[in-house]
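Q: For the numbering used here, add 1146 to where a residue sits in the sequence shown, where the first one is 1. Sending over a structure as structure tokens; questions will come in a sec.
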Amino acid sequence: MADRTDDAMGEVSAGYQPAVPLAVAPLFERPPRLLGALRFFAWKQFWPGGATWIAAAWLAWHYLTPELASMASFRPGWIAAIWLRNAVLLSLLAGGLHWLLYRRRAQGHESKFTDRWPGDAARFTFGNQNLDNAFWSVASGVTVSTLFEVVGWWLLANGHTPMRTFAEDWAYLSVLCLGVFAWGNVHFYLTHRLLHVRGLYEVAHSLHHRNLNTGPWSGLAMHPIEHLLYLSGPVLLWVVPGHPVLHLTLLFFRMLAPALTHAGFERVRLGSRASFLAGDYFHHLHHRYFECNYGNTLVPLDKPFGTLHDGTPEAHVAMQARRRASGR
Ligand SMILES: [Zn+2]
Ligand SMILES: [Zn+2]
């Protein structure tokens, strides 16, 4: 039973399901509960996820990024160093999670969203899901992310984008930090909706959706066209005055977080006592059913647009009715 694979079966089977209905920020309630939405957003976004990306960005800016002055002109040396840093960070996170959860199977099926394991299938590049996912993530994902990062540094180094410092503008930068995450979520919803438009879906986004049963490497396994859209969020900071740590926070939020949200397990156990939240069941339902949950629970734009699936049987019936009405 444990060795059956979704890919061999060509379908997804149910496994662990968190408590439903899945909680979403009460942003689009009537009347709107703005304070509640802000509290939900602040808590779920920043602990521990957002705080981790901010800490990683701070470390990377101080220890793993060339001097800003040296990035005033495009040179292969520093660009290659940034590509390598990004490839190593993604490989450590996605590769580490894959090794723990899928090679060692350290926690078995505990909190795994499906009861089957990913496997080989002809639809994947190289006929293997993991190789396919790692290839597209590094060859295209890391490269496109590096491209956006490099242009951001060049703009800052040449003064084309004004820079603020935490010493002088901490209040402004703190609010901007909140805005950066909110923007990241809205941008994800908008670009994701666009990628499901007929034509663009077949050419680009279908590559990501080959993954019915996702793993850590699936998160950034996308077509280069999708990478150009999905990873373009940091362009916001090309025009809005910010700080290098915020640039990297937004870049890492885009590039690294999907390894966690696609891990396929809600919680990753480290030994018998420690664990942390990883997989996103809300997005798992999107991979399972395609036509729901284009965004996330933090800025739940699926609600006003009528595509929210909160995991309940009622939401499932409503989704099926929507499908019938649209002739699918
Ligand atoms: Zn996905
Ligand atoms: Zn999609």
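Heads up, the beta-carbon is just placed ideally off N, CA and C, and yes, glycines get one too.
1) If I'm right that residue 1225 touches residue 1296 with Cβ under 8 Å, what's the distance once you round it to whole angstroms?
2) Give the straight-line distance between the Cα atoms of residue 1386 and residue 1160, rounded to the nearest whole angstrom.
3) Roughly how many angstroms lie between the CA atoms of residue 1332 and residue 1213, to the nearest whole one?
4) Could you pull out every unbroken beta strand (DSSP E) segment of at least 3 residues lying fully inside the stretch 1391 to 1448, listed in chain order?
5) For residue 1244, which residues of its own chain have a beta-carbon under 8 Å away from its beta-carbon, when the five flanking residues on both sides are left out?
6) Excluding sequence positions up to five away, which residues of its chain have a Cβ less than 8 Å from the Cβ of residue 1278?
7) Is it buried or exposed, residue 1304, if we count other Cβ atoms within 10 angstroms and call 16 or more buried?
8) Whole angstroms is fine: what's the gap from residue 1149's alpha carbon to residue 1162's?
9) Tell me whether residue 1408, by its Cβ, gets closer than 7 Å to a heavy atom of ligand 2.
10) Of all the options 1435, 1442, 1274, which has the alpha carbon lying nearest to the alpha carbon of residue 1330?
11) Kindly indicate which residue of 1370, 1458, 1396 has the alpha-carbon position closest to the one of residue 1207.
12) With a CB to CB cut of under 8 Å and the five nearest residues on each side skipped, what residues in its chain are close to residue 1236?
13) Report buried or exposed for residue 1196, applying the criterion of at least 16 other Cβ atoms within 10 angstroms of its Cβ.
14) With distance defined between alpha-carbon atoms, name the residue in 1336, 1230, 1300, 1460 nearest to residue 1376.
A: On the basis of the supplied data:
1) 5 Å
2) 44 Å
3) 32 Å
4) 1413 to 1416, 1420 to 1423
5) 1276, 1361, 1362, 1363
6) 1270, 1271, 1272, 1356, 1367
7) exposed
8) No answer about residue 1149 holds up, because its pLDDT of 36 lies below 50 and its placement is not dependable.
9) no
10) 1442
11) 1396
12) 1283, 1284, 1287, 1288, 1366, 1401, 1402, 1405
13) buried
14) 1336
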